[in-house]
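Chains as they are written, first to last, in the UniProt record's numbering: chain R, 1 to 220; chain U, 1 to 686.
Data first, discussion second: the structure below is written as structure tokens.
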Amino acid sequence: WGQAQMGVPRVPRGSAPVTSLLSLAVTSEQIEHLHRRFKQLSQDQLTIRKENFDSIPDLEFNPIRGKIVHAFFDKRNLRQESDGLADEINFEDFLTIMSYFRPIEMNMDEEQLDRFRKEKLKFLFHMYDSDHDGKITLQEYRNVVEELLSGNPHLEKESARSIADGAMMEAASICVGQMGPDQVYEGITFEDFLKMWQGIDIETKMHVRFLNVDTIAHCY
Amino acid sequence: VSSIVPESCLLIVVGLLVGGLIKGVGEKPPILKSDIFFLFLLPPIILDAGYFLPLRPFTENLGTILIFAVVGTLWNAFFLGGLMYAVCQLGGPGLNHIGLLANLLFGSIISAVDPVAVLAVFEEIHINELLHILVFGESLLNDAVTVVLYHLFEEFASFEQVTILDIILGFLSFFVVSLGGVLVGVIYGVIAAFTSRFTSHIRVIEPLFVFLYSYMAYLSAELFHLSGIMALIAAGVVMRPYVEANISHKSHTTIKYFLKMWSSVSETLIFIFLGVSTVAGHHYWNWTFVISTLFFCLIARVLGVLVLTWFINKFRIVKLTPKDQFIIAYGGLRGAIAFSLGYLLDYKHFGMRDMFLTAIITVIFFTVFVQGMTIRPLVDLLAVKKKQETKRSINEEIHTQFLDHLLTGIEDICGHYGHHHWKDKLNRFNKKYVKKCLIAGERSKEPQLIAFYHKMEMKQAIELVESGGIGKIPSAVSTVSIQNINPQTLPLERVLPALSKDKEEEIRKILRTNLQKTRQRLRSYNRHTLVADPYEEAWNQMLLRRQKARQLEQKMNNYLTVPAHRLDSPTMSRARIGSDPLAYEPKEDSENLPIITIDPASPQSPESVDLMSEEPKGCVGLPPSPEEDEEGLVMRVKEPSSPGTDDVFTPGTSDSPNNQRMQRCLSDPGPRPEPEEGEPFIPKGQ
């Protein structure tokens, strides 16, 4: 179960060699498994579109489904220079997104750990910041909370809003401290975001295990 | 001294002294009898541990904990038993007659890590959550193994021959014991949760149900020779989320404090008794036996932890470092359970019982004194991560939930049925079916985030009240107000105050304090009216708020400027009502201002002005939701169907004439009110 050093993995024809990022900790078995899954999702095409994600039954129950799917197509996550949304992604992009969820390794030093952590938090940040302006504004935050609570249809919007406002104020007070009545807190920038997450060790939490490579859930 | 010597050691010393004293006087000192221990002293501690078990880290590390508990204890027992047998064979005439089975029995008694001792020592060193839950969880779960092994070997000792069949049956009985115990606990937990659903009218005995059902779970399990400890833990874990949603805040506090009190008392008694029993008991000291027991115990523990960790680390994401392993090994304390089990041994079958007891006591003393005392400096020396004393903030809660959903989604996308997937499925099942049965009324639909937010508001309210006192606005509160984050929503006409949320809170808290004080004075002398709290309180609340709000005028001068009528947040308007007692027209919600509607559960009783009355007079209007009980001023999920539990200030349609009448009666003639354009609350400008 060790981490194999990857040179060029066996990716299907047409994809460019995997970036060096993936050369850590994504073993060839896992790539195989993900490739099988990719083919399932894309119905044997080379690329996936947003509609392909509709075929996953369990995803329907997820309240932040929209954001998750969106994150796959977000060009900032795909490490492309441009901004905005891609229409379709190929296997390499798929792997890139998955690489954000790889687990921590024992032999990482401080600097690597820090970079690791920042990457994951950046991914999360992009999910919150839907208009891509580099800040999480109050409206976006409210949107997040509303989505989180969207599983309960009889909830008033105001409750969600109050929670979001309370959270925002708390975030402001953590990041900026005391504010006079005239100052305006624009939104949560990435640095503030990092500060907020200091208490939670994301390196250990944000990962998905690929232990059992044989079970693959069904699609429609 | 308490920083060097853990409390448990001191207690044992006290016990020794007391025992010595009694013996010196010539009386026979009381010994820790096993039934007293198992029936009365142990359950409170275990229930306390189970009820307040931090479920998330426990389930995340469940695999590790189980492996340590089951495999680790088995290894310890057999290794120790085997080695002791060898020692006995070689040990000369005094030991030769001790058979293999006796040694194995001895091994099984002494190999179990003791939850009481672990709790006592680990509580004080504030170690990080992971290690704490690992060692503690192990100590709780190894009870099943201990029970099985103990009974097994005890029975085998009376057999002539032990066949393979017996061994296999013994192996199977392990599953029966542990799973049976858990099942019994779950059943009782569900019954308790179900009962608590109906206790809205008899709040006083709610804590009793929790204690009773848990104790019955324990007794039932012990009756059938199932694992009582596991039953108790399972019952506590299962009933807790539902019971907490159903019972009143006061009952919750009661349960918490009673459990802590009982478990504290039990723990103290156990350690003192240990000391006394040491002095009182018959001892048979055999150097070889005792020393080798001690020695092999330590070795077995260390070896077991090392091997198991190596194995476990293959499957763990967060690996256990050698430092962690050392603490786990070092934290394997033995305690009173071992002693009691040894005490239970029958003289007929085990003539060397005294020797066993002596050895057990020695090991206990060693682990508690030596290991207990040195673990704290070692923790500091090795710079083991300590517990982080962070309060859960609403932000963290949001992020954690977001992350959970995200990870579940990713797992679904990968097609991998992982940890999050199953947890999510369980949650959905829980929400859909179980919660509906077990939680009363509206709370069953309350999402976790909202419940958390409520709890947090309550806590803040209580904290502010306790720290701030009447009238003092604590300066520690952040001055970030809603304008800071949402400035463009205020029309510039008569600018200012959306009263910042924190100030709203403060006002609320101040009002509440006074309410509480007055309420206490008026309170029921009679048990039966105690439950009518939420109903009668509201009336008095309204009256008092009026008075207090008027008193607050002066204090609020510094904070508020003239609000425009249209921009009033509800609390502002309510506060204004205090001095403008006459009609107030509720404004429509402005889309932009965050509105926190405050709806205490309060039926109106306009007829009665009698403060001293303790009977809730006819409720006008609404069935107050029972769960709102003590929560008074919290954010509420609005139900579309119900007429709405009106706040006393915001007149509902049917109630406005009554309200206005009341207001007219009760308050001083304030400044002349106008329905449309209210007079400014504070008659001054900027």
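Glycine included, C-beta positions come from ideal geometry on N, C-alpha and C.
Keep in mind that this is a model prediction, so the values were computed, not measured.
### Task
Could you give the DSSP three-state label for THR408 (chain U): helix, strand or coil?
One-based indexing of the second sequence puts residue 408 (chain U) at position 408. THR408 (chain U): helix per DSSP, three-state reduction.
### Task
Would you list, in chain order, the members of the region 31 to 65 of chain R that have their beta-carbon closer than 9 Å to a beta-carbon of chain U?
Here the close residues are HIS33, LEU34, ARG36, ARG37, GLN40, LEU41, PHE53, ILE56, PRO57, ASP58, LEU59, PHE61, ASN62, PRO63, ILE64 and ARG65.
### As assigned by DSSP and simplified to three states, the class of VAL208 (chain R)
Position 208 of the first sequence holds residue 208 (chain R). In the structure shown, the three-state DSSP call for VAL208 (chain R) is coil.
### Task
Please compile the residues from chain U whose C-beta is within a distance smaller than 8 Å of the C-beta of ALA171 (chain R).
As a first step, residue 171 (chain R) is located in the first sequence; it is residue number 171 there, counting from the start. Taking a Cβ-Cβ cut-off of 8 Å, the neighbours of ALA171 (chain R) in chain U comprise ASN395, given in sequence order.
### Query
So GLY19 (chain U) and VAL276 (chain U) are in contact, right, with Cβ under 8 Å, and what is the actual spacing, rounded?
Here residue 19 (chain U) refers to the residue found at position 19 of the second sequence. Here residue 276 (chain U) refers to the residue found at position 276 of the second sequence. Contact holds; Cβ gap of about 4 Å.
### Task
In the DSSP assignment, find the unbroken alpha helix (DSSP H) run with ARG117 (chain R) in it and report its ends.
Residue mapping note: residue 117 (chain R) aligns to position 117 of the first sequence, counting from 1. Its alpha helix (DSSP H) spans residues 110 to 128.
### Query
To the nearest angstrom, how far is it from the Cα of ILE272 (chain U) to the Cα of MET355 (chain U)?
What you label residue 272 (chain U) is simply residue 272 of the second sequence in a count that begins at 1. What you label residue 355 (chain U) is simply residue 355 of the second sequence in a count that begins at 1. For ILE272 (chain U) and MET355 (chain U), the distance between alpha carbons rounds to 22 Å.
### Closest residue to SER340 (chain U) among U:GLY24, U:ASP35, U:LEU16 and U:LEU11 (Cα-Cα distance)
The residue labelled residue 340 (chain U) in the question sits at position 340 within the second sequence. Nearest option by C-alpha distance: U:ASP35.
#### Entry: HIS126 (chain U) to HIS70 (chain R) span [Cα, whole Å]
Here residue 126 (chain U) refers to the residue found at position 126 of the second sequence. Here residue 70 (chain R) refers to the residue found at position 70 of the first sequence. Straight-line spacing of the CA atoms in HIS126 (chain U) and HIS70 (chain R) works out to 42 Å.
### Query
Using a C-beta to C-beta distance shorter than 8 Å, which residues of chain R count as neighbours of VAL318 (chain U)?
What you label residue 318 (chain U) is simply residue 318 of the second sequence in a count that begins at 1. Result: ILE104 and THR204.
### Task
Assign VAL279 (chain U) to one of three DSSP states: helix, strand, or coil.
Here residue 279 (chain U) is taken as the residue at index 279 of the second sequence, counted from 1. Correct three-state label for VAL279 (chain U): helix.
### Query
Among the residues of its own chain, which have a CB less than 8 Å from the CB of MET216 (chain U), if the five just before and after it don't count?
Residue mapping note: residue 216 (chain U) aligns to position 216 of the second sequence, counting from 1. Taken in chain order, the residues that qualify are TYR188.
### Query
For ASP165 (chain R), does the count of other Cβ atoms within 10 angstroms reach 16, so buried, or fall short, so exposed?
Taking the first sequence and counting its residues from 1, one reaches residue 165 (chain R) at position 165. Counting Cβ neighbours within 10 Å, ASP165 (chain R) comes out buried, since at least 16 surround it.
### Query
For a contact meaning CB atoms closer than 8 Å, what does LEU148 (chain R) contact in chain C?
Looking at the structure shown, chain C is missing, and the protein chains on hand are R and U.
#### Entry: Sequence-distant residues of its chain with Cβ nearer than 7 Å to ILE67 (chain U) (five each side left out)
Numbered from its first residue, the second sequence carries residue 67 (chain U) at position 67. Only LEU308 and ILE312 meet the Cβ criterion.
### Message
Can you confirm whether CYS88 (chain U), when its beta carbon is compared against all beta carbons of chain R, has any partner nearer than 9 Å?
### Response
Along the second sequence, read from residue 1 onward, the residue named residue 88 (chain U) stands at position 88. CYS88 (chain U) does not count as touching chain R.
### Query
Beta-carbon of MET98 (chain R) versus every beta-carbon of chain U: anything under 9 Å?
As a working note, residue 98 (chain R) is residue 98 in the first sequence. At least one chain U Cβ lies under 9 Å of MET98 (chain R).
### Task
Please work out which residues of its chain come closer than 6 Å, Cβ to Cβ, to LYS423 (chain U), disregarding the five sequence neighbours upstream and downstream, and give them in chain order.
Looking up residue 423 (chain U) in the second sequence gives position 423. So the list is empty, once near-sequence residues are dropped.
### Message
Taking 9 Å as the threshold (beta carbon to beta carbon), is PHE101 (chain R) in contact with chain U?
### Response
Position 101 of the first sequence, counted from the first residue, corresponds to residue 101 (chain R). Yes, PHE101 (chain R) counts as interfacial toward chain U.
### Query
Can you name the start and end residues of the beta strand (DSSP E) that ILE89 (chain R) belongs to?
Against the first sequence, residue 89 (chain R) aligns to sequence position 89. Segment 88 to 90, the beta strand (DSSP E) holding ILE89 (chain R).
### Proximity to PHE37 (chain U) [Cα-Cα], best of U:ASN430, U:ALA336, U:MET458 and U:VAL113
Working through the second sequence from its first residue, we reach residue 37 (chain U) at position 37. Comparing Cα positions, the closest option is U:ALA336.
### Query
Are at least three pairs of beta-carbons, each pair with one atom in the region 319 to 334 of chain U and one in the region 359 to 377 of chain U, less than 8 Å apart?
Segments in contact, yes.
### Query
For LYS195 (chain R), which option in U:CYS437, U:ALA461 and U:ASN395 has the closest C-alpha, if you only look at C-alpha atoms?
Within the first sequence, the letter at position 195 stands for residue 195 (chain R). Selected option, being the one with the closest Cα: U:ASN395.
### Query
What alpha helix (DSSP H) runs, 4 residues minimum, are completely inside the region 134 to 218 of chain U?
Fully enclosed alpha helix (DSSP H) runs of 4 or longer: 164 to 197.
### Query
Would you say GLY409 (chain U) reaches chain R, if we count a Cβ-Cβ gap shorter than 9 Å as a contact?
As a working mapping, residue 409 (chain U) is identified with position 409 in the second sequence. The C-beta of GLY409 (chain U) comes closer than 9 Å to at least one C-beta of chain R.
#### Entry: For ARG102 (chain R), three-class secondary structure by DSSP
One-based indexing of the first sequence puts residue 102 (chain R) at position 102. Reduced to three states, the DSSP call for ARG102 (chain R) is coil.
### Task
Spell out whether any CB of chain R is found under 9 Å from the CB atom of GLY415 (chain U).
As a working mapping, residue 415 (chain U) is identified with position 415 in the second sequence. Interface residue, yes.
### Message
Between which two residues does the beta strand (DSSP E) holding ARG316 (chain U) run?
### Response
For the purposes of this step, residue 316 (chain U) is taken as the residue at position 316 of the second sequence. Segment: none, ARG316 (chain U) is in no beta strand (DSSP E) and carries neither H nor E.
### Task
Let me know the secondary structure DSSP gives ARG49 (chain R) once reduced to three states.
For the purposes of this step, residue 49 (chain R) is taken as the residue at position 49 of the first sequence. Shown here, ARG49 (chain R) sits in a strand according to DSSP, grouped into three states.
### Query
Just reading off the alpha helix (DSSP H) that GLU32 (chain R) is part of, what are its end residues?
Indexing the first sequence from 1 puts residue 32 (chain R) at position 32. First-last of the alpha helix (DSSP H) with GLU32 (chain R): 28 to 42.
#### Entry: CB-CB length for THR358 (chain U) against TRP285 (chain U), believed under 8 Å
For this step, residue 358 (chain U) is matched to residue 358 along the second sequence. For this step, residue 285 (chain U) is matched to residue 285 along the second sequence. Confirmed, Cβ separation roughly 6 Å.
### Task
For THR47 (chain R), I'd like the list of residues in its chain whose CB is within less than 7 Å of its CB, leaving aside the five on either flank, ordered along the chain.
Reading the first sequence from its first residue, position 47 is the one you call residue 47 (chain R). Within the same chain, THR47 (chain R) has close Cβ partners GLU88, ILE89 and ASN90.
### Query
Under 9 Å, do LEU438 (chain U) and GLU506 (chain U) count as touching if we go by C-beta distance?
Here the question's residue 438 (chain U) lines up with position 438 in the second sequence. Here the question's residue 506 (chain U) lines up with position 506 in the second sequence. No.
### Query
Which of helix, strand or coil does DSSP assign to LEU53 (chain U)?
Locating residue 53 (chain U) in the second sequence gives position 53, where the first residue counts as 1. Correct three-state label for LEU53 (chain U): coil.
### Message
Using the three-state DSSP reduction, which class does CYS88 (chain U) fall into: helix, strand or coil?
### Response
Here residue 88 (chain U) refers to the residue found at position 88 when the second sequence is read from its first residue. In this structure, CYS88 (chain U) counts as helix in the three-state DSSP scheme.
### Query
For residue 697 (chain U), which option in R:VAL145, R:PHE73 and R:GLU140 has the closest C-alpha, if you only look at C-alpha atoms?
In this structure chain U extends from 1 to 686, so residue 697 (chain U) is not present and cannot be described.
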